[in-house]
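The structure appears below as structure tokens.
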Amino acid sequence: MIVETLGLSLLIGKLRGGKIKNLEKLHIKGWYMFIIGFIMEIISILIVATTDGKLAKFIIENFFTIHILIYIIVIVGLIFNIREKEMWLALIGTLLNFIPILINDGKMPVSIEGLNSSYLYTQLDLLESDRILTHILANEYTKCYYLSDIIPIPKPYPFPKIISIGDILIGIGIFLLIQNYMRYESKEINMINFSSNQGYNKIGFKDNNAKE
Numbered sequence: 664m665i666v667e668t669l670g671l672s673l674l675i676g677k678l679r680g681g682k683i684k685n686l687e688k689l690h691i692k693g694w695y696m697f698i699i700g701f702i703m704e705i706i707s708i709l710i711v712a713t714t715d716g717k718l719a720k721f722i723i724e725n726f727f728t729i730h731i732l733i734y735i736i737v738i739v740g741l742i743f744n745i746r747e748k749e750m751w752l753a754l755i756g757t758l759l760n761f762i763p764i765l766i767n768d769g770k771m772p773v774s775i776e777g778l779n780s781s782y783l784y785t786q787l788d789l790l791e792s793d794r795i796l797t798h799i800l801a802n803e804y805t806k807c808y809y810l811s812d813i814i815p816i817p818k819p820y821p822f823p824k825i826i827s828i829g830d831i832l833i834g835i836g837i838f839l840l841i842q843n844y845m846r847y848e849s850k851e852i853n854m855i856n857f858s859s860n861q862g863y864n865k866i867g868f869k870d871n872n873a874k875e
């Protein structure tokens, strides 16, 4: 979802006259925390999926703690950047995802109906056989069901999936952040034009009382 949001935002930003170069002005504090969280999750998934040794067993038995730690690292990273108003949306979305994971044994519940409606039968089979480390199938005992992955995005979308309310907020936050920075110069030009026009009255004559 995040990769698709980044791609879409960059494309729309360019169509709106923005510049990718302007993203150099975006300074993410504690950026390494997002990298650490991502690497921890990917390595855990790969080890469990490709090996059957003591390390894989350790990860499976302790994945609740590992997954919670990953989320805490990401949440702290987002808090470091809340000076950017769009990061508030990403933070709220992450917290909304964190809640069902925290109270459902460290895994995000996924709607069976959503999987079926999106024709994601392979993912359904994997979840039924408990072969996906980060997710579980939702059932009558699932807590905070409505914050779980229950929103289907079926075909013709090229990457059908099930997402959560939190995912949507995270996507919106990232999208708006990139849009604002790509069009940074445009906003500066508009502000300069607005300021220069303050020295003139409505019929075009200079206002002698205006500040030079």
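664 is the number of the first residue of the sequence shown in the working numbering; add one for each residue after it.
Virtual Cβ for every residue (Gly too), placed ideally from N, Cα, C.
Problem - Pick from F761, G836, Q786 that is closest to T728, judged by C-alpha positions - result: F761
Problem - the stretch 738-745 touching the stretch 813-833, judged by at least three CB pairs closer than 8 Å - result: no
Practice task
Please classify T785: is it buried, with 16 or more other beta-carbons within 10 angstroms of its beta-carbon, or exposed?
Solution key: exposed
Handout entry: Rounded C-alpha distance that separates I675 from K688
Key = 19 Å
Handout entry: Boundaries (first-last residue) of the beta strand (DSSP E) holding I826
Key = 824-826
Problem - Same chain, Cβ closer than 6 Å to G777, neighbours up to 5 away in sequence not counted - result: Once the five neighbours on either side are set aside, the close Cβ partners of G777 are I813, P815, I825.
Handout entry: C-beta atoms of P817 and S781 nearer than 8 Å
Key = Pairing P817 with S781 gives a Cβ-Cβ distance under 8 Å.
Problem - Distance CB(L752)-CB(I828) smaller than 8 Å - result: Going by C-beta atoms, L752 is not nearer than 8 Å to I828.
Exercise for the section: Give the DSSP-derived three-state secondary structure of M664 in the structure shown. Expected result: coil
Practice task
Compare the C-alpha of Y809 against each of I764, E667, I841 and name the closest.
Solution key: Distances from the alpha-carbon of Y809 to those of I764, E667, I841 put I764 closest.
Exercise for the section: Using the Cα positions of F701 and T797, report the straight-line distance between them to the nearest angstrom. Expected result: When rounded, the distance between both Cα atoms is 13 Å.
Handout entry: Coarse secondary structure for P942, derived from DSSP in three states
Key = The chain is shown only over 664 to 875; residue 942 falls outside these bounds and no answer can be derived.
Handout entry: Any non-hydrogen atom of the ligand ADP within 7 Å of E687 CB
Key = With respect to the ligand ADP, the structure offers nothing, as it holds no ligand at all.
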